[in-house]
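Below is one structure; the comments refer to it alone.
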């Protein structure tokens, strides 16, 4: 076993995880270097989300180890993991899961408030982030009044506002149109690079993966070096031919 | 059959709620049958018999209110992907819920009939055989049609009300249909507060005015002689109760608004906004609970101890109170179900469980601070003109 390089902020060794009897990860090892943008590629069902959930401490792998800055994540109790997730990690879902009764800036400021920041300070930082992501005008609107792309950008601002060490983005652009997709990705990567945030980005889209520093490919829960698929990897709901 | 199969696989707590509906229906049915028994035993006293029947309206209303609340909360009757995949839309779900309500209420009615026949002495072989034979008019043949009519009142009313509540809503043509994963627009601000306050004031005024001229012992005495009060006083009281129920949502909304005012932290913000969002759902049953408890307070202040409270009065008031409280609890469960997504989002953000519990505690405390003194005030005001004499 090769010792992990010193500048790995997060690394995992031989992760095994099965969901309902189906193996989702079988022996995946991966290291994430500090300040890099790492894309986790592979078609749907290849175990990208499970890998991100294991790395971010939402799931505990059935076998294998996860280390964050030389601290074992896989042996932590649930309360410590919860605090680690709150303090060090950010998470972006495929769907922007915002709290519907809070306005955009309150949603963005929520992680700061959970840290115990005062209302005024949290509001200032949240508004700055919303401005940076070009949605400062929507700060007082509730999620139902925003378009999908605006909601997703609010979710990105919420993930970035507390200054996480590692940002996990699970297919952040999946439900968006092409123009929105490019814009959201550009803002995400620019913000991460300018603030020195490490990003782990799960995507099935080769164009998205091209924005990353490095790509790790998964196939059926295994790490592969080349995905045996055409370059424009299968889109969602790909047509499949059935011979009956 | 599908309704039964779905019921068989549900959580014990859900079944417990259905059983509570059956129990409430049984109690109400028993009260109705007792009124019938009294009428059979005292054919010459038509007035008191009708009065007894009229007082049964309160337990019936409470039972139907509770049954509707349970039908709304039942997880088996809300649209689900698994049932929608086989073509069961909102229309069929309404039918399923109506069947469940009808079954549980009819079960209660049957139990009431068994118990009534048993106490009357028509069914023997168990303890307490014919213990109340004299009271329930034993010896007279029971009119089958009358029994059936009385026992069908609660199931029919509850089923119809539940079906009306859960009826599929038609979208206006041209209206934009929201996708299921989109966040819901905020609930409209409940506007019943001015009406509620006006009705409360009017009810109290009518009651005070009527009490000045009320002759002792006239009007509509409660069967247990708890309070002998005139029709005008009772009418005033009913208007006050309706006013409280109408004002409930508005007051709850106001509570939420005050809770999240002036630079809130995470707990106050979440608690206040949730109260504003759930004002309609929580406020109505909360207003009813307030009305019932202020009525109980007034009755306690009026009962001097000399008047003997009959067992049927105790049963009736326990039914009304229990149904009101259980309806409030069911509404709270419904509110929690509708906020499950928000809670999941907060947990995913790393919100500690203590924050979520703290927000829930804040909500409860705010409601208690506003509605507790209000209940006491209304109860005292309602009792004052009557005790003054």
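Chains as they are written, first to last, in UniProt numbering: chain A, 1 to 244; chain B, 1 to 389.
Beta carbons: idealized from backbone N, C-alpha and C, even for Gly.
Please read these numbers as outputs of a predicted model, since none were measured by experiment.
task = Give the residues of chain B in contact with residue 119 of chain A, contact being defined as C-beta atoms less than 7 Å apart.
result = Chain order gives the chain B residues near residue 119 of chain A as 263, 264, 265, where near means a beta carbon separation below 7 Å.
key: Completely contained beta strand (DSSP E) runs for the stretch 131-176 of chain A, where each covers 3 or more residues   = Within the stretch 131-176 of chain A, the complete beta strand (DSSP E) runs of at least 3 residues are 166-170.
query = Helix, strand or coil: which one does DSSP assign to residue 127 of chain A?
reply = Residue 127 of chain A carries a helical assignment under DSSP once its states are collapsed to helix, strand and coil.
query = Is there at least one non-hydrogen atom of the ligand GTP closer than 7 Å to the beta-carbon of residue 234 of chain B?
reply = The model depicted lacks the ligand GTP and carries no ligand whatsoever.
task = Look at the Cβ atom of residue 71 of chain A, then the Cβ atom of residue 222 of chain A, and state whether they are nearer than 8 Å.
result = The answer is no: Cβ separation not under 8 Å.
query = For residue 64 of chain B, which residues of its own chain have a beta-carbon under 6 Å away from its beta-carbon, when the five flanking residues on both sides are left out?
reply = For residue 64 of chain B, where only same-chain residues beyond five positions count, the Cβ hits under 6 Å are 157, 158, 161.
Nearest candidate by alpha-carbon position, reference residue 107 of chain B, set B:212, B:21, B:17 = The shortest C-alpha to C-alpha distance from residue 107 of chain B to any of B:212, B:21, B:17 is the one to B:21.
ask   = Near residue 17 of chain B, which residues of its chain fall below 6 Å by C-beta distance, leaving aside the five closest residues on each side in sequence?
value = Close CB contacts of residue 17 of chain B within its chain, under the 6 Å cut and outside five residues either way in sequence, are with 70 (chain order).
key: Inter-residue CB distance, residue 346 of chain B and residue 99 of chain A (contact presumed, cutoff 8 Å)   = Yes, they are in contact, since the Cβ atoms of residue 346 of chain B and residue 99 of chain A sit about 7 Å apart, within 8 Å.
ask   = Would a C-beta distance cut-off of 8 Å place residue 41 of chain B and residue 136 of chain B closer than the cut-off?
value = Against a cut-off of 8 Å, the Cβ pair of residue 136 of chain B and residue 41 of chain B comes out as a contact.
ask   = Can you tell me whether DSSP reads residue 82 of chain A as helix, strand or coil?
value = In this structure, residue 82 of chain A counts as helix in the three-state DSSP scheme.
key: Residue from B:231, B:253, B:144 whose Cα sits closest to the Cα of residue 188 of chain B   = Between residue 188 of chain B and the set B:231, B:253, B:144, the nearest pair of CA atoms involves B:253.
request  = With a threshold of 16 other CB atoms inside 10 Å of the CB of residue 69 of chain A, please say whether the residue is buried or exposed.
outcome  = It is exposed - the Cβ of residue 69 of chain A has fewer than 16 other Cβ atoms within 10 Å.
ask   = Out of curiosity, what's the CA-to-CA distance linking residue 93 of chain A and residue 55 of chain A?
value = Distance between the alpha carbons of residue 93 of chain A and residue 55 of chain A: 15 Å.
message = Quick check: residue 185 of chain A and residue 173 of chain A, are their CB atoms within less than 8 Å of each other?
response = Yes, the Cβ-Cβ distance between residue 185 of chain A and residue 173 of chain A is below 8 Å.
ask   = Taking buried to mean at least 16 other C-beta atoms within 10 Å of its own C-beta, is residue 213 of chain A buried or exposed?
value = By the Cβ neighbour-count rule, residue 213 of chain A is exposed, with fewer than 16 other Cβ atoms within 10 Å of its own.
key: Partner residues on chain A for residue 348 of chain B, Cβ-Cβ distance less than 9 Å   = Within 9 Å Cβ-Cβ: 58, 85, 91, 93, 97.
ask   = In chain order, what residues of the same chain have a beta carbon less than 7 Å from the beta carbon of residue 330 of chain B, not counting five sequence neighbours either side?
value = So the qualifying residues of the chain are 17, 69, 70, 73.
message = Just checking: is the beta-carbon of residue 150 of chain A within a distance shorter than 8 Å of some beta-carbon in chain B?
response = Using beta-carbon distances, residue 150 of chain A does not count as an interface residue toward chain B, since no partner is under 8 Å.
Per-residue DSSP class, three states only, for residue 35 of chain A = Coil, per DSSP.
ask   = Looking at the structure shown, is residue 60 of chain B part of a helix, part of a strand, or coil, going by DSSP?
value = In the structure shown, the three-state DSSP call for residue 60 of chain B is helix.
inquiry  = Only counting the same chain, and skipping five residues up and downstream in sequence, which positions put a Cβ closer than 6 Å to that of residue 140 of chain A?
reply    = For residue 140 of chain A, where only same-chain residues beyond five positions count, the Cβ hits under 6 Å are 103.
ask   = Does the stretch 272-291 of chain B touch the stretch 107-126 of chain A, meaning 3 or more C-beta pairs lie closer than 8 Å?
value = No, they do not touch.
Extent of the continuous alpha helix (DSSP H) to which residue 53 of chain B belongs = Per DSSP, residue 53 of chain B belongs to the alpha helix (DSSP H) from 46-55.
key: Reference residue 244 of chain B, options B:210, B:323, B:285, B:276, closest by Cα   = Considering only alpha carbons, the answer is B:285.
inquiry  = Taking the straight line between their C-alpha atoms, what separation do you get for residue 301 of chain B and residue 324 of chain B?
reply    = Taking the straight line from one Cα to the other gives about 21 Å.
ask   = Looking at chain A, which residues of the stretch 357-382 of chain B have a Cβ within less than 7 Å of any of its Cβ atoms?
value = Of all residues in the stretch 357-382 of chain B, none has a C-beta nearer than 7 Å to a C-beta of chain A.
ask   = Looking only at its own chain, which residues have a Cβ that is under 7 Å from the Cβ of residue 62 of chain B, when we skip the five neighbours before and after it?
value = Around residue 62 of chain B, the same chain offers 319, 320, 323, 324 as residues with beta carbons nearer than 7 Å, after the five sequence neighbours per side are excluded.
Contacting residues, own chain, Cβ-Cβ under 8 Å from residue 267 of chain B (five flanking each side not counted) = For residue 267 of chain B, where only same-chain residues beyond five positions count, the Cβ hits under 8 Å are 355, 358, 359, 362.
inquiry  = Whole angstroms are fine: how far does the CA of residue 271 of chain B sit from the CA of residue 250 of chain B?
reply    = Whole-angstrom Cα-Cα distance: 16 Å.
key: Inter-residue CB distance, residue 28 of chain A and residue 15 of chain A (contact presumed, cutoff 8 Å)   = Under the criterion of beta carbons closer than 8 Å, residue 28 of chain A and residue 15 of chain A qualify as touching, at roughly 5 Å.
request  = Determine the closest residue to residue 192 of chain A out of A:216, A:163, A:171, A:220, with distance taken between C-alpha atoms.
outcome  = Nearest to residue 192 of chain A by alpha-carbon distance, out of A:216, A:163, A:171, A:220, is A:163.
ask   = Does any C-beta atom of chain A lie closer than 8 Å to the C-beta of residue 269 of chain B?
value = At a cut-off of 8 Å, the C-beta of residue 269 of chain B has a neighbouring C-beta in chain A.
ask   = Can you list, in chain order, the residues of its chain whose CB lies under 7 Å from that of residue 114 of chain A, leaving out five sequence neighbours each side?
value = Non-local beta-carbon contacts of residue 114 of chain A in its own chain, meaning distances under 7 Å to residues more than five positions away in sequence, involve 86 in chain order.
key: Strand pairing of residue 386 of chain B, partner residues [DSSP]   = Looking at the DSSP assignment, residue 386 of chain B forms no beta bridge with any residue, so it has no partner.
task = Return yes when the Cβ of residue 154 of chain A is within less than 8 Å of the Cβ of residue 215 of chain A, no when it is not.
result = Cβ distance not < 8 Å, so residue 215 of chain A and residue 154 of chain A don't count as in contact.
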